[in-house]
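Chemist:
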Amino acid sequence: MSHETYMERCLELAQRGLGHVSPNPLVGCVIVENGEIIGEGWHQQYGGPHAEVNCIRSVKDADRKLIPFSTLYVSLEPCAHFGKTPPCANLILSEKIPNVIIGSKDPFEQVNGKGIDILQKGGVTVVQGILEKDCNELNKRFFT
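Sequence positions in the sequence shown follow the numbering used here and run 585 to 728.
Pasting the structure below:
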């Protein structure tokens, strides 16, 4: 499957947060290893764990050993600051996820490229801009 296929799944998952996460953005996330989705998550509730956290938590115990060989797809750049929750970029590093594919960069001042920077400085390969237009459209109210 392609980057776009997995990002489409992220967008589908993100929609599940509609009406529950405002003023935060809608975000979906999947973890893929060897062409198989081993974890899925979305931001479910304002103030609650972000999509990346829920996705990592969803990985079955038997599959946790695959995480350091996986690719994480997320519709919005992982956060890089402490707010109601800790930074998702740090969690990704601690889980030793080697590849992160991002739909759109987070324009929020406390993130805005900082999540990508943290990941890259930590040795993670980052690709951004996959289905960027769709990811931006999903959160147009957040981006304005």
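For each residue, glycine too, the CB sits at the ideal point set by N, CA and C.
Measure the alpha-carbon distance for Glu624 versus Ala664 and round it to whole angstroms.
Modeler: 21 Å
Chemist: For Val643 and Glu693, I'd like the C-alpha separation in whole angstroms.
Modeler: 31 Å
Chemist: Under 7 Å between the Cβ atoms of Met592 and Cys613?
Modeler: Note on identity: in this sequence residue 592 is Glu, with Met being the wrong assignment. No, the pair does not count as a contact, with Cβ atoms beyond the cut-off.
Chemist: Which first and last residues belong to the alpha helix (DSSP H) in which Val637 is found?
Modeler: Boundaries of the alpha helix (DSSP H) around Val637: 635–642.
Chemist: Taking buried to mean at least 16 other C-beta atoms within 10 Å of its own C-beta, is Pro607 buried or exposed?
Modeler: exposed
Chemist: Taking a contact to mean a Cβ-Cβ separation below 7 Å, would you say Glu661 touches Val695 in this structure?
Modeler: yes
Chemist: With a threshold of 16 other CB atoms inside 10 Å of the CB of Asp645, please say whether the residue is buried or exposed.
Modeler: exposed
Chemist: Determine the DSSP secondary structure at Gln599, reduced to helix, strand or coil.
Modeler: helix
Chemist: Which class does Ile685 belong to by DSSP, given the choice of helix, strand or coil?
Modeler: strand
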